[in-house]
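Student: Numbering of the sequence shown is given in full-length UniProt numbering, commencing with residue 1 and proceeding in unit increments.
We treat Cβ as the ideally placed atom computed from N, Cα and C, and that holds for glycine.
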Amino acid sequence: MGGNEKKSDCPDGGSAGQDLANLVLTKLENISIDIKNMDSKITNLETNNQSLQANIIELKADFNKIVPKLQKDLNSCKKDLFVLKKENNILKNEIIEMKRDLIENSQVRFQNVLKIDNIPIVEGENLFSILKDIADKVGMDLSSEMIDDIYRLRIPNRNNNFPPAIIVKFVRNSAKKNFIINAKQKRSSLIISPNQVFVNEFLSPLKLSLFRRARQLKLEGKLKQVWTKNGIILMRKEENSQPTIIRTHEDLADPDEKFPASQSENIDVTPTETDIEDIETDSSSVRTTRSQSTNKRKPRST
1 MGGNEKKSDC PDGGSAGQDL ANLVLTKLEN ISIDIKNMDS KITNLETNNQ SLQANIIELK
61 ADFNKIVPKL QKDLNSCKKD LFVLKKENNI LKNEIIEMKR DLIENSQVRF QNVLKIDNIP
121 IVEGENLFSI LKDIADKVGM DLSSEMIDDI YRLRIPNRNN NFPPAIIVKF VRNSAKKNFI
181 INAKQKRSSL IISPNQVFVN EFLSPLKLSL FRRARQLKLE GKLKQVWTKN GIILMRKEEN
241 SQPTIIRTHE DLADPDEKFP ASQSENIDVT PTETDIEDIE TDSSSVRTTR SQSTNKRKPR
301 ST
């Protein structure tokens with residue numbers, strides 16, 4: 001047989017092993033580089049973290065320094081706010097009292113005045129004769145000396161179904177009150193064909209606005225009763241509750257918080273049939289012009 005040997009088709013075993021070893025080494029070197037990079041990043045993070053911690057500590061120190069000042073300023077602001085609220089409440093109460101005085105004073109010049117509604121206008125009418133006829137109907141003696149002034153408003157009524165009211169100013173408040181009491185007690189006699197005549201107290205514009213608001217609350221069911229007594233407006237929250245004087249619109253804001261008038265006022269606040277206003281016919285309580293007036297009363301002898 002010949003001396004030729006058959007060669008293997010596989011690569012040399014030593015060469016293959018070397019290549020594998022080189023590949024593993026390369027991978028390990030790459031991993032080592034990655035680990036070094038990670039170590040560097042971790043070091044940077046630790047450095048940044050330490051810097052951040054230092055900043056936080058510094059901020060805490062600064063905050064701790066300013067906290068007492070902030071607390072002091074806050075306490076000062078609270079005190080100032082308390083003082084301002086107190087002063088504001090005082091000013092509000094003073095304004096309310098000024099409103100009350102203004103409204104009460106507005107009624108002073110009308111304390112002897114009443115109004116008569118729903119009397120038809122007659123050409124050439126004599127207002128004193130009409131007033132005297134009403135006085136006779138209600139059983140009251142009336143003379144011209146008892147009347148300071150009488151006139152009919154020219155301005156239209158709030159309720160256009162009624163003619164302008166007749167305004168009567170008495171010399172004495174007692175005569176006015178007696179006239180109103182008699183008129184309401186005998187209201188069934190106050191008919192001037194075909195009209196029912198209404199006699200009521202004459203309220204100033206401010207008082208009238210207040211009375212209308214109170215009466216609106218009564219219609220809404222928020223007040224049980226509303227009435228006037230010699231120019232004073234009163235209300236009752238419940239059927240048996242104490243009457244309360246209404247002086248301003250603030251008194252109507254929360255009636256429950258108001259003191260009963262009978263505890264703070266030296267007046268009789270008990271409502272009677274003659275205190276209740278019959279019907280609203282006013283358009284204004286301001287006299288601008290008049291269609292007819294009586295002569296001024298004769299001077300009384302001294």
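Where does residue 304 sit, in a helix, a strand or coil, going by DSSP?
Tutor: The structure shown does not extend to residue 304, since the chain spans only 1 to 302, so no value can be given for it.
Student: Where are the alpha helix (DSSP H) runs, 4 residues long or more, that stay fully inside the region 80-148, in chain order?
Tutor: 127-137
Student: Given this structure, state the Cα-to-Cα distance separating residue 49 from residue 65, to the nearest angstrom.
Tutor: Taking the sequence shown and counting its residues from 1, the one referred to as residue 49 is at position 49. Taking the sequence shown and counting its residues from 1, the one referred to as residue 65 is at position 65. Each residue's Cα considered, the two are about 24 Å apart.
Student: Give a yes or no on whether the C-beta atoms belonging to residue 252 and residue 213 are separated by under 7 Å.
Tutor: Sequence index remark: in the sequence shown, residue 252 carries index 252 (1-based). Sequence index remark: in the sequence shown, residue 213 carries index 213 (1-based). Against a cut-off of 7 Å, the Cβ pair of residue 213 and residue 252 comes out as a contact.
Student: With a cut-off of 8 Å on the beta carbons, I'd call residue 118 and residue 163 a contact; round off their distance for me.
Tutor: Indexing the sequence shown from 1 puts residue 118 at position 118. Indexing the sequence shown from 1 puts residue 163 at position 163. So it is a contact: roughly 7 Å between Cβ atoms.
Student: So, is residue 221 buried or exposed, given that buried needs 16 or more other C-beta atoms within 10 angstroms?
Tutor: In the sequence shown, counting from the first residue as 1, residue 221 sits at position 221. Residue 221 should be labelled exposed.
Student: DSSP puts residue 201 in a beta bridge; with which residues?
Tutor: Within the sequence shown, numbered from 1, the residue matching residue 201 stands at position 201. Under DSSP, the beta-bridge partners assigned to residue 201 are 114.
Student: Buried or exposed: where does residue 183 fall if 16 or more other Cβ atoms within 10 Å of its Cβ makes it buried?
Tutor: Here residue 183 corresponds to residue number 183 of the sequence shown, with the count starting at 1. Its Cβ being crowded by 16 or more others within 10 Å, residue 183 is buried.
Student: The beta strand (DSSP E) spanning residue 170 covers which residue range?
Tutor: On the sequence shown, position 170 is the one that residue 170 refers to. 166-170 is the extent of the beta strand (DSSP E) around residue 170.
Student: Name the DSSP beta bridge partners of residue 246, please?
Tutor: Translated into positions along the sequence shown, residue 246 becomes position 246. Answer is 233, bridged to residue 246.
Student: Would the beta-carbon of residue 150 fall within 7 Å of that of residue 114?
Tutor: On the sequence shown, residue 150 is found 150 positions in, with the first residue counted as 1. On the sequence shown, residue 114 is found 114 positions in, with the first residue counted as 1. Not in contact: residue 150 and residue 114 (Cβ atoms no closer than 7 Å).
Student: Quick check on residue 139: buried or exposed, where buried means 16 or more other Cβ atoms within 10 Å of its Cβ?
Tutor: As a first step, residue 139 is located in the sequence shown; it is residue number 139 there, counting from the start. By the neighbour-count rule (16 or more Cβ atoms within 10 Å), residue 139 is not buried but exposed.
Student: Within the continuous alpha helix (DSSP H) that includes residue 162, where are the two ends?
Tutor: Your numbering for residue 162 matches position 162 in the sequence shown. Where residue 162 is concerned, there is no enclosing alpha helix (DSSP H), given that its DSSP letter is neither H nor E.
Student: In the structure shown, what three-state DSSP assignment does residue 259 receive?
Tutor: Position 259 of the sequence shown, counted from the first residue, corresponds to residue 259. Caution is warranted here: a pLDDT of 43 is assigned to residue 259, below 50, making its placement in the model unreliable, and no coordinate value can be reported.
Student: Do you know how far the Cα of residue 30 is from the Cα of residue 17?
Tutor: The sequence position of residue 17 within the sequence shown is 17, counting from 1. The sequence position of residue 30 within the sequence shown is 30, counting from 1. Taking the Cα positions, residue 17 is about 20 Å away from residue 30.
Student: Please state the DSSP three-state secondary structure of residue 152.
Tutor: The sequence position of residue 152 within the sequence shown is 152, counting from 1. Residue 152 falls in the strand class under three-state DSSP.
Student: Tell whether a beta-carbon distance below 7 Å holds between residue 107 and residue 204.
Tutor: Residue mapping note: residue 107 aligns to position 107 of the sequence shown, counting from 1. Residue mapping note: residue 204 aligns to position 204 of the sequence shown, counting from 1. By the CB criterion at 7 Å, residue 107 and residue 204 fall inside the cutoff.
Student: Helix, strand or coil for residue 22, going by three-state DSSP, please let me know.
Tutor: Counted from its first residue, the sequence shown places residue 22 at position 22. It is helical.
Student: Specify the secondary structure class of residue 195 as computed by DSSP and reduced to three states.
Tutor: Indexing the sequence shown from 1 puts residue 195 at position 195. Residue 195 carries a strand assignment under DSSP once its states are collapsed to helix, strand and coil.
Student: For residue 176, count neighbouring C-beta atoms within 10 Å of its own C-beta (all shown protein chains included) and say buried if the count is 16 or more, exposed if not.
Tutor: The residue labelled residue 176 in the question sits at position 176 within the sequence shown. Under this definition residue 176 is a buried residue.
Student: How should residue 37 be labelled, buried or exposed, when 16 other C-beta atoms within 10 angstroms of its C-beta is the threshold for buried?
Tutor: Numbered from 1 along the sequence shown, position 37 holds the residue referred to as residue 37. Exposure of residue 37 is indicated by the presence of fewer than 16 other C-beta atoms within 10 angstroms of its C-beta.
Student: From residue 100 to residue 231, what distance separates their C-alpha atoms?
Tutor: The residue given as residue 100 occupies position 100 in the sequence shown. The residue given as residue 231 occupies position 231 in the sequence shown. Cα-Cα distance, rounded: 13 Å.
Student: Could you give the residue range of the alpha helix (DSSP H) that holds residue 240?
Tutor: Here the question's residue 240 lines up with position 240 in the sequence shown. Element bounds for residue 240: n/a, residue is neither H nor E.
Student: Could you tell me the alpha carbon to alpha carbon distance between residue 19 and residue 25, rounded to whole angstroms?
Tutor: Here residue 19 corresponds to residue number 19 of the sequence shown, with the count starting at 1. Here residue 25 corresponds to residue number 25 of the sequence shown, with the count starting at 1. Cα-Cα distance, rounded: 10 Å.
Student: Run the CB neighbour count on residue 200, radius 10 Å, all protein chains shown included, and call it buried at 16 or more, exposed below.
Tutor: As a working note, residue 200 is residue 200 in the sequence shown. Result: buried.
Student: Among 202, 133 and 32, which has the Cα closest to the Cα of residue 189?
Tutor: The residue you call residue 189 lines up with position 189 of the sequence shown. Checked all of 202, 133 and 32; the closest Cα to residue 189 is 133.
Student: Can you tell me the Cβ-Cβ gap for residue 103 and residue 248, rounded? I've got them flagged as a contact below 8 Å.
Tutor: Numbered from 1 along the sequence shown, position 103 holds the residue referred to as residue 103. Numbered from 1 along the sequence shown, position 248 holds the residue referred to as residue 248. Going by Cβ atoms, the distance from residue 103 to residue 248 rounds to 6 Å, so yes, they are a contact pair.
Student: Using the Cα positions of residue 15 and residue 43, report the straight-line distance between them to the nearest angstrom.
Tutor: Taking the first residue of the sequence shown as 1, we reach residue 15 at position 15. Taking the first residue of the sequence shown as 1, we reach residue 43 at position 43. Approximately 42 Å between the Cα atoms of the pair.
Student: Which whole-angstrom value describes the C-beta separation of residue 170 and residue 147, a residue pair presumed to lie in contact below a C-beta threshold of 8 Å?
Tutor: One-based indexing of the sequence shown puts residue 170 at position 170. One-based indexing of the sequence shown puts residue 147 at position 147. Right, their Cβ atoms sit about 6 Å apart.
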